[in-house]
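>
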Ligand SMILES: Nc1ncnc2c1ncn2[C@@H]1O[C@H](COP(=O)(O)OP(=O)(O)O)[C@@H](O)[C@H]1O
Ligand SMILES: [Mg+2]
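In the numbering used here, the protein residues as written are 1450 to 1869.
#1: Taking a contact to mean a Cβ-Cβ separation below 8 Å, would you say residue 1789 touches residue 1810 in this structure?
#2: Report yes if the C-beta of residue 1745 is less than 7 Å from at least one heavy atom of ligand 1; otherwise report no.
#3: Contact defined as beta carbons within less than 8 Å: I believe residue 1490 pairs with residue 1693. What is the distance between those atoms, to the nearest angstrom?
#4: In this structure, does DSSP put residue 1455 in helix, strand or coil?
#5: Between 1619, 1720, 1711, 1686, which lies nearest to residue 1671 when the distance is taken from Cα to Cα?
#6: Ignore the nearest five residues each way along the sequence and tell me which others in residue 1780's own chain have a CB closer than 7 Å to its CB.
#7: Assign residue 1515 to one of three DSSP states: helix, strand, or coil.
#8: Starting from the N-terminal end, write out each residue whose C-beta falls within a distance shorter than 6 Å of any non-hydrogen atom of ligand 1.
#9: When DSSP builds the beta bridges, which residues end up paired with residue 1613?
#10: Any idea what DSSP makes of residue 1717, helix, strand or coil?
#11: So the beta strand (DSSP E) residue 1694 belongs to, where does it begin and stop?
#12: Going by C-alpha to C-alpha distance, which of 1541, 1476, 1549, 1558 sits closest to residue 1565?
#13: Look at the alpha carbon of residue 1474 and the alpha carbon of residue 1481, and state the distance between them as a whole number of angstroms.
#14: Assign residue 1705 to one of two classes, buried (16 or more other C-beta atoms within 10 Å of its C-beta) or exposed (fewer than that).
#15: Quick check: the segment 1492-1500 against the segment 1696-1714, are at least 3 beta-carbon pairs closer than 8 Å?
#16: Tell me the DSSP bridge mates of residue 1839?
#17: Go through its chain and collect everything with a Cβ distance to residue 1504's Cβ below 7 Å, but skip five positions before and after it.
#18: Assign residue 1725 to one of two classes, buried (16 or more other C-beta atoms within 10 Å of its C-beta) or exposed (fewer than that).
#19: Out of 1597, 1467, 1658, 1720, point me to the one whose CA is closest to residue 1554's CA.
#20: Is residue 1841 near ligand 2, in the sense that its beta carbon is under 7 Å from a heavy atom of that ligand?
#21: Output the residue ranges of the beta strand (DSSP E) runs that lie fully inside the segment 1553-1595 and measure 3 residues or longer, sorted by chain position.
#22: So, is residue 1647 buried or exposed, given that buried needs 16 or more other C-beta atoms within 10 angstroms?
#23: I need the DSSP call for residue 1646, collapsed to helix, strand or coil.
#24: Could you tell me if the beta carbon of residue 1615 falls within a distance shorter than 7 Å of some heavy atom in ligand 4?
#25: Give the straight-line distance between the Cα atoms of residue 1862 and residue 1712, rounded to the nearest whole angstrom.
#26: Nearest-angstrom Cα distance between residue 1464 and residue 1836?
#27: Once DSSP output is grouped into helix, strand and coil, what is the label at residue 1489?
#28: Between 1765, 1616, 1859, which lies nearest to residue 1531 when the distance is taken from Cα to Cα?
#29: Helix, strand or coil, according to DSSP, for residue 1461 in the structure here?
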């Protein structure tokens, strides 16, 4: 059997067989983008499926004739890169009909455009590389000017434009007055740290001041950094306060997702009647993680064409084996207290401050536990919600369960899931 693995695909999910659910989310976001001043802040944990939803919305609106500009800011190194990306995305969507306007308004930004054969004969901006070194205040102003340019384009063309800024928290992170060195900035991001201490100027505040005057452009800001977004939304002076509705992209409903998984297996000639729920239980609520486990299950099921619990556990082991080197490197950076806490979280999930739990895992008193949990949260290894602590990555948890709990005399199966 050489059927293609239907769970593979590391990028965004593409509408069709690769994509399931999210009708409601797509409808809501599309409606916002079509509404003047209907700005929205889309949040959701990493790997949940935000980008996939946003791209699907963009494609549907563009196909229906509504111009929508989508930019992913995650990999931008400077604010000026964001300006270039915005101009490029705008040219791609508007280019054919709005060429003159774009070139003309772009001039004020000192952005020239040229027709690129490499980009399929479309108009692309030619950035002045020197702007990438411009002082931060100037770069922030150029971003605001670029957004104003989009408003002017839409106004003059008597139309409404949607702009989606994915991973928009990078505006705030890169737009402070003391941009971190590239390396430490990447480190901070890998660690999931929010904002930069000492960055007094809020770039998002400047963006907000501009776009709240816009009547022809509606914005969707999307991001996973919950703490930063909370801060930007805060009533006492948050840059996004009252600007737009907050909208969360949560897990795909379990039953629906489970049925979809079973259908994909069936299309590959694999019988997996109730494997869907088992896979979701083990991989947790994030769309990407569920697909990762399902993909490996499908590979292991090829010879027999059937899935059972033993095979799912085997697949879990296989994913953990692939990632083990990364997890080991990560683990070596932690303090002993942090390591012991992760052991406890993997097995127990809650009640870490209880006396018998502290004794069992060698944990210090409550205040030190809290401090260590803060550090683990900053590193994006764990997530905290009220009293529950959970691993961000279910495969990291599985690695701790199988490789590190024996150190404290616990031998749990890889399928062990702590009960809340
Ligand atoms: N609606 C969906 N149906 C099926 N798979 C999806 C769906 N949404 C996301 N995925 C899968 O999950 C992974 C993560 O999605 P992505 O949109 O990049 O999440 P986020 O932007 O929240 O980090 C993608 O690789 C994609 O394959
Ligand atoms: Mg994304």
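Built from N, CA and C at the ideal position, the CB exists for glycine as well.
Short version:
#1: Yes.
#2: No - ligand 1 has no heavy atom lying nearer than 7 Å to the Cβ of residue 1745.
#3: Taking the Cβ atoms as the reference, residue 1490 lies roughly 5 Å from residue 1693, within the contact range of under 8 Å.
#4: Reduced to three states, the DSSP call for residue 1455 is coil.
#5: 1619
#6: 1788
#7: coil
#8: 1458, 1459, 1460, 1461, 1462, 1468, 1469, 1470, 1471, 1493, 1495, 1496, 1497, 1498, 1499, 1500, 1501, 1736, 1737, 1740
#9: 1519, 1669
#10: The three-state reading of DSSP puts residue 1717 in coil, since its state is none of H, G, I, E or B.
#11: Taken as a continuous stretch (DSSP letters only), the beta strand (DSSP E) holding residue 1694 covers 1694-1697.
#12: 1541
#13: 11 Å
#14: With a threshold of 16 other beta carbon atoms within 10 Å, residue 1705 falls short and is exposed.
#15: yes
#16: 1832
#17: Result list for residue 1504: 1461, 1519, in chain order.
#18: buried
#19: 1597
#20: no
#21: 1561-1565, 1571-1575
#22: Residue confidence for residue 1647 is low, a pLDDT of 44 falling below 50, so the modelled location carries little weight; the figure read from the coordinates is stated next. With fewer than 16 other Cβ atoms within 10 Å, it is exposed.
#23: Reliability fails at residue 1646, whose pLDDT of 44 lies under 50, so the model's placement of it is uncertain and the value that follows must be treated cautiously. In the three-state DSSP reduction, residue 1646 falls in the coil class, being neither helix nor strand.
#24: Inclusion of ligand 4 in the displayed structure is not the case, the ligand content consisting of ligand 1 and ligand 2 alone.
#25: 28 Å
#26: 37 Å
#27: strand
#28: 1616
#29: coil
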